[in-house]
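Visitor: In the UniProt record's numbering, the protein residues as written are 1 to 306.
A virtual CB, placed ideally from N, CA and C, is assigned to each residue, including glycine.
Since we're looking at a predicted model, the values are computed, not measured.
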DNA sequence: AAAGCGTGGGT
DNA sequence: TACCCAAGCTT
């Protein structure tokens, strides 16, 4: 859960997951749809699918206990170099080099490493491997991450409070804010689309499930057009043979790699209307617990408020 | 191996 | 406002 996500955002999800699935076996036995619902709103939804797949692998291939070695951990779904090293060091006292975004910042400043990230990662890992305390690898990992999170911050680091200041090359040169050096990234161009909020008189809502891979994979969505730079046109085709009304305003959302602008259409369906192929009706009471990513909650809120 | 993949908070 | 960043992973 903590991959690219703050502790504050994760905390309530983590508590809810542990309360609902206290053991790896419990999570492995749960339908993946329930896991997606419990993850809704947290983002990077492939993590939810990977976590579930990981639980199944641990339960089936490792007797319900995580493998106590780097290679075994690294082979599990959703566990990459960082997470494998973190589990190894913190849970199993293995002297692994734990390198997250915080540690990258601490080490590149400490040694004024100006190779751009992510290319500098192998070098940083090698340096951490020589710096870590083999007697207390878990404490070392958490200490270096917490140092980055609280003292060696991206902007205006508190060098005067830093226990590593006597050893820090960037601080000595006064260039700490120039590290880490990152490769330039390109911003995405605006995409537009249309969404159709189709309700029945009894409050039911027409939805469908997105494909398992790709953007918002496996999550529930409000039916709509593709999201393209050209946009949906003036009268996009709704999924049901009804006259739809365009609601005033738009819904905006920004993903990691592109901004999105949705126009919202609305219609009320007769009670007996069957859901089209690939779609389904959900009762009004199910909307809150459904696996909607934030962008579709915005769409629903926009439609219900208009 | 560069790009795709969410969301919320901070400056 | 418009970025930047967060206990990164997968293809």
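Count the other CB atoms, across all protein chains shown, that sit within 10 Å of the CB of residue 302; report buried if there are 16 or more and exposed otherwise.
Guide: Counted from its first residue, the first chain places residue 302 at position 302. When all chains shown are included, residue 302 counts as buried.
Visitor: How would you call residue 204, buried or exposed, if buried means at least 16 neighbouring beta carbons within 10 angstroms?
Guide: As a working note, residue 204 is residue 204 in the first chain. Buried, since its Cβ has 16 or more Cβ neighbours within 10 Å.
Visitor: With a threshold of 16 other CB atoms inside 10 Å of the CB of residue 254, please say whether the residue is buried or exposed.
Guide: In the first chain, counting from the first residue as 1, residue 254 sits at position 254. With fewer than 16 other Cβ atoms within 10 Å, it is exposed.
Visitor: Is residue 112 closer than 8 Å to residue 29 when the C-beta atoms are compared?
Guide: In the first chain, residue 29 corresponds to position 29, counting from 1. In the first chain, residue 112 corresponds to position 112, counting from 1. The answer is no: Cβ separation not under 8 Å.
Visitor: State the CB to CB distance for the pair residue 266 and residue 244, rounded to an integer number of angstroms; the pair is presumed to be in contact (CB under 8 Å).
Guide: Within the first chain, residue 266 is the residue found at index 266, counting from 1. Within the first chain, residue 244 is the residue found at index 244, counting from 1. With a Cβ gap of about 6 Å, residue 266 and residue 244 count as contacting.
Visitor: Tell me, to the nearest whole angstrom, how far the beta carbon of residue 168 is from that of residue 125; I am working on the premise that it is less than 8 Å.
Guide: Residue numbering aside, residue 168 sits at position 168 when the first chain is read from its first letter. Residue numbering aside, residue 125 sits at position 125 when the first chain is read from its first letter. About 19 Å separates the two Cβ atoms, so there is no contact after all.
Visitor: Looking only at its chain, what residues have a beta carbon closer than 7 Å to the beta carbon of residue 116, apart from the 5 residues adjacent to it on each side?
Guide: Here residue 116 refers to the residue found at position 116 when the first chain is read from its first residue. 181, 182 and 183.
Visitor: Answer with buried or exposed for residue 257, where buried requires no fewer than 16 other C-beta atoms within 10 angstroms of its C-beta.
Guide: Along the first chain, one-based indexing puts residue 257 at 257. Exposed: under 16 other Cβ atoms inside 10 Å.
Visitor: What residue range is occupied by the uninterrupted alpha helix (DSSP H) comprising residue 295?
Guide: Position 295 of the first chain, counted from the first residue, corresponds to residue 295. Element bounds for residue 295: 294-305.
Visitor: Taking the straight line between their C-alpha atoms, what separation do you get for residue 207 and residue 66?
Guide: Translated into the one-based positions of the first chain, residue 207 becomes position 207. Translated into the one-based positions of the first chain, residue 66 becomes position 66. Rounded to the nearest angstrom, the two C-alpha atoms are 37 Å apart.
Visitor: For residue 159, I'd like the list of residues in its chain whose CB is within less than 7 Å of its CB, leaving aside the five on either flank, ordered along the chain.
Guide: The residue labelled residue 159 in the question sits at position 159 within the first chain. Correct list, in chain order: 165, 171 and 176.
Visitor: Looking only at its own chain, which residues have a Cβ that is under 8 Å from the Cβ of residue 94, when we skip the five neighbours before and after it?
Guide: Taking the first residue of the first chain as position 1, residue 94 is located at position 94. These residues qualify, in order along the chain: 68, 69, 70, 88 and 137.
Visitor: Name the two residues that bound the continuous alpha helix (DSSP H) containing residue 136.
Guide: Counted from its first residue, the first chain places residue 136 at position 136. Neither: residue 136 is in no alpha helix (DSSP H) and is coded neither H nor E.
Visitor: Please report the distance separating the alpha-carbon of residue 238 from that of residue 128.
Guide: The residue you call residue 238 lines up with position 238 of the first chain. The residue you call residue 128 lines up with position 128 of the first chain. Going by the C-alpha atoms only, they are around 55 Å apart.
Visitor: Taking residue 307 as the reference, give the member of 262, 25, 155 and 107 with the closest Cα.
Guide: Examination of residue 307 is not possible in this model, given that the chain is present from 1 through 306 alone.
Visitor: Between 78, 26, 118 and 296, which has its C-alpha nearest residue 2's C-alpha?
Guide: For the purposes of this step, residue 2 is taken as residue 2 along the first chain, with counting starting at 1. A check of alpha carbon separations from residue 2 across 78, 26, 118 and 296 identifies 78 as the nearest.
Visitor: Are residue 210 and residue 281 closer than 8 Å when you measure CB to CB?
Guide: Residue numbering aside, residue 210 sits at position 210 when the first chain is read from its first letter. Residue numbering aside, residue 281 sits at position 281 when the first chain is read from its first letter. Not closer than 8 Å, so no.
Visitor: So the candidates are 221, 289 and 50; which of them puts its Cα closest to the Cα of residue 196?
Guide: As a position in the first chain, residue 196 is number 196, starting the count at 1. Here the closest residue by C-alpha is 221.
Visitor: Please work out which residues of its chain come closer than 7 Å, Cβ to Cβ, to residue 152, disregarding the five sequence neighbours upstream and downstream, and give them in chain order.
Guide: Taking the first chain and counting its residues from 1, one reaches residue 152 at position 152. Correct list, in chain order: 105, 106, 109 and 162.
Visitor: On the CB-based measure, 16 or more other CB atoms within 10 Å of its CB, does residue 290 come out buried or exposed?
Guide: By one-based count along the first chain, residue 290 stands at place 290. Counting Cβ neighbours within 10 Å, residue 290 comes out buried, since at least 16 surround it.
Visitor: Which word fits residue 60, buried or exposed, when buried means at least 16 other C-beta atoms lie within 10 angstroms of its C-beta?
Guide: One-based indexing of the first chain puts residue 60 at position 60. With fewer than 16 other Cβ atoms within 10 Å, it is exposed.
Visitor: Quick check on this structure: which residue in 149, 22 and 44 has the alpha carbon closest to the alpha carbon of residue 294?
Guide: Reading the first chain from its first residue, position 294 is the one you call residue 294. The residue with the shortest Cα to Cα distance from residue 294 is 44.
Visitor: By the three-class DSSP mapping on this structure, what secondary structure does residue 55 have?
Guide: Sequence index remark: in the first chain, residue 55 carries index 55 (1-based). Here residue 55 carries a helix assignment [DSSP, helix/strand/coil].
Visitor: Please return the same chain residues whose Cβ sits closer than 6 Å to the Cβ of residue 212, not counting the five positions on each side in sequence.
Guide: Here residue 212 corresponds to residue number 212 of the first chain, with the count starting at 1. Correct list, in chain order: 218.
Visitor: Of all the options 144, 97 and 133, which has the alpha carbon lying nearest to the alpha carbon of residue 122?
Guide: The sequence position of residue 122 within the first chain is 122, counting from 1. The candidate whose alpha carbon is nearest that of residue 122 is 97.
Visitor: Scan the region 217-257 and note each continuous beta strand (DSSP E) run of 3 residues or more that stays entirely inside, going in chain order.
Guide: 251-254
Visitor: For residue 215, report the span of its alpha helix (DSSP H) as first-last.
Guide: Position 215 of the first chain, counting from 1, holds the residue named residue 215. Here residue 215 belongs to no alpha helix (DSSP H), and DSSP marks it neither H nor E.
Visitor: Of all the options 229, 179 and 154, which has the alpha carbon lying nearest to the alpha carbon of residue 189?
Guide: Looking up residue 189 in the first chain gives position 189. Looking at the Cα atoms, 229 is the closest of the given residues.
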